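Novice: Residue numbers (my numbering): 547 to 1025. Just so you know, even glycine gets a beta-carbon here, dropped at the ideal spot from N, CA and C. These numbers come from a predicted model, not from an experiment.
1. Quick check on DSSP: helix, strand or coil for residue 960?
2. If we count Cβ pairs, one from each stretch, closer than 8 Å, do we get three or more for the stretch 824 to 838 versus the stretch 974 to 994?
3. Applying the criterion that 16 or more other CB atoms from any shown protein chain within 10 Å of the CB defines a buried residue, is residue 564 buried or exposed?
4. Tell me whether residue 870 is buried or exposed, calling it buried when 16 or more other Cβ atoms sit within 10 Å of its Cβ.
5. Let me check understanding here. Comparing Cα to Cα, which of 644, 658, 689 and 646 lies closest to residue 665?
6. Does the stretch 735 to 749 come close enough to the stretch 702 to 713 to have 3 or more Cβ pairs within less than 8 Å?
7. Using only alpha-carbon positions, find the residue among 617, 709 and 812 that is nearest to residue 607.
8. I need the boundaries of the alpha helix (DSSP H) containing residue 993, first residue and last residue.
9. DSSP three-state label for residue 864, please.
10. Return the first residue and the last residue of the alpha helix (DSSP H) that residue 898 is part of.
11. Check residue 666 in the structure and name its three-state DSSP category.
12. What's the gap between the Cα of residue 781 and the Cα of residue 790?
13. For the alpha helix (DSSP H) containing residue 621, list its first residue and its last residue.
14. DSSP three-state label for residue 1021, please.
15. What is the C-beta distance between residue 850 and residue 881, in whole angstroms, given that I count them as a contact (C-beta under 8 Å)?
16. First and last residue of the alpha helix (DSSP H) that includes residue 605?
17. Please return the same chain residues whose Cβ sits closer than 6 Å to the Cβ of residue 980, not counting the five positions on each side in sequence.
18. Using a Cβ-Cβ cut-off of 7 Å (strictly less than) and excluding sequence neighbours within five positions of residue 646, which residues of its own chain qualify?
19. In angstroms with no decimal places, state the Cα-to-Cα distance between residue 557 and residue 747.
20. From residue 593 to residue 684, what distance separates their C-alpha atoms?
21. Note down the Cα distance separating residue 972 from residue 921, rounded to an integer number of angstroms.
22. Return helix, strand or coil for residue 783, following the three-state DSSP convention.
23. State the Cα-Cα distance for the pair residue 559 and residue 798, rounded to the nearest angstrom.
24. Is there contact here, the stretch 878 to 895 with the stretch 850 to 862, by at least three beta-carbon pairs under 8 Å?
25. Between residue 578 and residue 730, is the Cβ-Cβ spacing less than 9 Å?
26. Where residue 788 and residue 589 are concerned, what is the direct C-alpha to C-alpha distance, given to the nearest angstrom?
27. With burial defined as no fewer than 16 other Cβ atoms inside 10 Å of the residue's Cβ, what is the status of residue 903: buried or exposed?
28. Thinking just about the alpha-carbon of each residue, which of 597, 586, 562 and 636 is nearest to the one in residue 552?
29. Give me the residue from 642, 620, 778 and 964 with the minimum Cα distance to residue 724.
30. Taking residue 773 as the reference, which of 795, 753 and 618 has the closest Cα?
31. Between the alpha carbons of residue 697 and residue 899, how many angstroms are there, rounded?
32. For residue 909, which three-state DSSP category applies?
33. With a 10 Å radius around its C-beta and 16 neighbouring C-beta atoms as the bar for buried, classify residue 680 as buried or exposed.
34. Express the C-alpha separation of residue 550 and residue 613 in angstroms, rounding to a whole number.
35. Residue 634: which of 667, 597 and 641 sits nearest, CA to CA?
36. Can you give me the C-alpha to C-alpha distance between residue 863 and residue 848, rounded to a whole angstrom?
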C-alpha cells in the first residue's frame, strides 16, 4: 500500500481535506489545483503529510522528480533524512516498489525511474536548473521568498510530462510574525479581514488554482486540552512567553511589538515577591560589575549586581578608556568583588583589557555580542542568547524588581527580536532600538550583560545557618 498502511489508517480530517483537494481533478470536472498552502500549528503532521504525498506521487508517475526543501541542508537532514520515523517509515515495501537511497545526496531513486530529492534552501545554487514535477517548501516562513520566485516558480511553469499530473507546489509553515508566508496565505485564501482567517482546516474561499488550510491547536484536537492547559499554566508561571504559545500553538501572527522578550507586565510581576524574606535564605552570594562602554556621545552604563538585585548603578559621559576603567574599579571596590563583564565591541575592548591587566587581578568576561553563542541552534549570536537569558530570569521571578525607570524602558525596547531564515532568534539592530527609545539602550544592555555574566562566576560569599536569620554576609575577600 502506497502510502503505507500506518499513514493511511491514522489520517485526520484536515489531512484528508488536503489529499481530497489534491486528487479532485481525477474524480471531478473542477479545475486542477496546483498550489497548496498550509498554515498549521506545531505537531499537526504537515511535514509527514507532505513526505508521504511526495513518495506517493513518485511511485504513481514513472520517471518523475519531486523535491522537498527545508530552510537549511542541516535542517533537512536532521528532520527528514536522519529521523527514523520520517522518510524511512514512509517509503513503500520494496516488494511493492523498489528503491535505493543515496546518503550523501539525500536522494531516493525508485524502481520506476522516479526520484525524490531532499535539500535545503541555504544551498540555492544546488537547486537551480533541476526539473521537478512537484515541490514542497517546508517552514516556508523561514525560507527566502526568492527560492520560490527565482528557482521553483519557473520550473513549475513547465508543461507536465505526458500522462502526468500538472506540476504543483506546496507551502507549509507555522507563522513567524507577519511576512511573505502569511501574505501568500491571505492572497491564496482571499483574506481581507484578519478576523475571517480559518481556524479548523480548509478555507471556504480560495484563489483559482489554490488550496488554503489553517489549523490552530484549540480547534484541531491533535494536542489534548489537558496538555494545552498545562502549557498555558507554564505561560502564567513565566516559563513560556505568551507570544510563543500563541504563535506555535494558535498560529497567531505576532506583530513586531508583540515579538518582545521582556514586557512591562513581566517587570511588574517582580514586585509580587517578598524579596526581603527570600534574600536572607540565599546560601551563596555572587557579585559582578557589568559595563556597557560608550564613547560616541552615548552614556557609559555601569551596574553592580549581587545575586538577583542591582546594588549600584551609574551612568557617566567619560570619553577616555582609563576614566571608565577607574569608575569600574571604584564600583567593584564598593561591591567587594573582582568580577567584571564588559561589552568589548569597539573601544569597549580597551576597558576590558585595562581591567584584565590591573594588578588587582580582576576576573573579566569579554562579551562580544556578535560572537557565536553557546546555543547556536536557537540564537543567531551571543546578544540574542543573553537577552533571552535575562528574560527567562525575569519570567521565573529569579531577579529582584528593577527600580530604575529608564532601565525598565530600555529593557523592553532592546528585547524586540526577529527570526532569521535559519529559524534563529536575532535582536533587532541597535539603530532601530535607538530610533524607538530616542537614545542608546546602554542601561538596559548593562543589565542584560550583568545577568548573563553573574551566572558564570563562582560564589564569593556564603551565609551560615546562624547568619541567615540576621542577614549577615561573610565574604571570601573580607575574611
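Specialist: Let's see:
1. Judged by DSSP in its simplified three-state form, residue 960 adopts helix.
2. yes
3. buried
4. buried
5. 689
6. no
7. 709
8. 988 to 1000
9. coil
10. 894 to 902
11. strand
12. 9 Å
13. 619 to 622
14. Residue confidence is low: residue 1021 scores 37 on pLDDT, short of 50, so the model does not pin down where it sits. Its coordinate-derived value is still stated next. Reduced to three states, the DSSP call for residue 1021 is strand.
15. 4 Å
16. 592 to 606
17. 986
18. 655
19. 14 Å
20. Rounded to the nearest whole angstrom, the C-alpha separation of residue 593 and residue 684 is 7 Å.
21. 13 Å
22. Note: residue 783 maps to coil in three-state DSSP.
23. 22 Å
24. Contact between the stretch 878 to 895 and the stretch 850 to 862 is established, with three or more Cβ pairs separated by less than 8 Å.
25. Cβ distance not < 9 Å, so residue 578 and residue 730 don't count as in contact.
26. Between the alpha carbons of residue 788 and residue 589 lies a distance of about 18 Å.
27. exposed
28. 636
29. 964
30. 795
31. 49 Å
32. Strand.
33. buried
34. 20 Å
35. 597
36. 11 Å
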